[in-house]
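Per numbering that gives the first Met the number 0, numbering through the sequence shown is continuous, rising by one, with the last residue being 203. Below you'll find the structure, written out as structure tokens, and then a few comments.
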Amino acid sequence: MPGGVSRLCCVLLLILWVCTLQCNARYGCCRPRYNVPQKPDPLSGLVFLEDNCVLAFRATAGIGRSAYDRYVATGTNDDSPLARSALPCGCLTVNGSLPCDRHYRSRILDDWPSSLIDTPNAPTLRRFYINRNFGGCNIDRGWLLVAEADDVCDFVPPGPYPVILYSSATTDANLNTADFRQADVLTVTVKFKDTARFSGYCIP
Numbered sequence: 000m001p002g003g004v005s006r007l008c009c010v011l012l013l014i015l016w017v018c019t020l021q022c023n024a025r026y027g028c029c030r031p032r033y034n035v036p037q038k039p040d041p042l043s044g045l046v047f048l049e050d051n052c053v054l055a056f057r058a059t060a061g062i063g064r065s066a067y068d069r070y071v072a073t074g075t076n077d078d079s080p081l082a083r084s085a086l087p088c089g090c091l092t093v094n095g096s097l098p099c100d101r102h103y104r105s106r107i108l109d110d111w112p113s114s115l116i117d118t119p120n121a122p123t124l125r126r127f128y129i130n131r132n133f134g135g136c137n138i139d140r141g142w143l144l145v146a147e148a149d150d151v152c153d154f155v156p157p158g159p160y161p162v163i164l165y166s167s168a169t170t171d172a173n174l175n176t177a178d179f180r181q182a183d184v185l186t187v188t189v190k191f192k193d194t195a196r197f198s199g200y201c202i203p
């Protein structure tokens, strides 16, 4: 064997021997390295508003679709990249002047009991009903009401539904007074500790 080839073989054998020693000692080289799959981030895809509040639900008034039905639609959400790609940007804000033709629902709601917002004693389709006194149109008092159909009381204006009504006072208000006003948007937000802001796609 020519001297040059022999020396090259010796050098390669020496490198292989050293590498094997390092491999046995440190489990480093000479062994296949695999990318360890990362755990999915539980906050990925969520919509963060000001002060790290997460948008769990956004109801849009007057679009002719039930906010309640969307709220309780377990397993259906707008957090996935595919859903977000077809979502108007207005649906990801609390600004009711921006275009939005649907109700936004986060997967966070899948772990919440839907019965918390139902009102079985209400005479009509009153949803998200937070009231203080219920016993007649003239004495109804409360903080919030989302009407999804014609109501027996005149304080619920005619559609298009849903109609979002809220107390503009610092406390509850009589639903027949000027303190109970109509809103464009209703949002449900949650806040976590030590969160980071995530961005997503939407339609400008």
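We put the CB at the ideal spot given by N, CA and C, even for glycine.
Cβ separation of residue i and residue j, assumed to be a contact under 8 Å, to the nearest whole Å
i, j, result
"TYR103", "CYS88", "Not really, about 11 Å apart at Cβ, beyond 8 Å."
"ASP78", "LEU48", "Not quite, the Cβ-Cβ distance comes to about 15 Å (not below 8 Å), so this is no contact."
"GLN181", "PRO156", "7 Å"
"ARG131", "GLY141", "5 Å"
Local conformation of residue i per DSSP, three classes
i, result
"SER166", "strand"
"PRO98", "coil"
"CYS52", "strand"
"ASN137", "helix"
Within 8 Å, strictly: CB atoms of residue i and residue j
i, j, result
"GLU147", "TYR70", "no"
"TYR128", "LEU143", "yes"
"ASP109", "THR59", "no"
"LEU54", "THR188", "yes"
"CYS184", "GLY95", "Reading the sequence as shown, one finds Val at residue 184 and not Cys. A contact, by the Cβ cut-off of 8 Å."
Endpoints, alpha helix (DSSP H) assigned at residue i
i, result
"ALA66", "66 to 70"
"ALA82", "80 to 84"
Counterpart residues of residue i in DSSP-defined beta bridges
i, result
"ILE129", "LEU143"
"ALA60", "In DSSP, ALA60 forms no bridge with anything."
"THR186", "ARG57"
"PHE47", "VAL53"
"ARG104", "PHE56"
Extent of the continuous beta strand (DSSP E) to which residue i belongs
i, result
"ARG180", "179 to 182"
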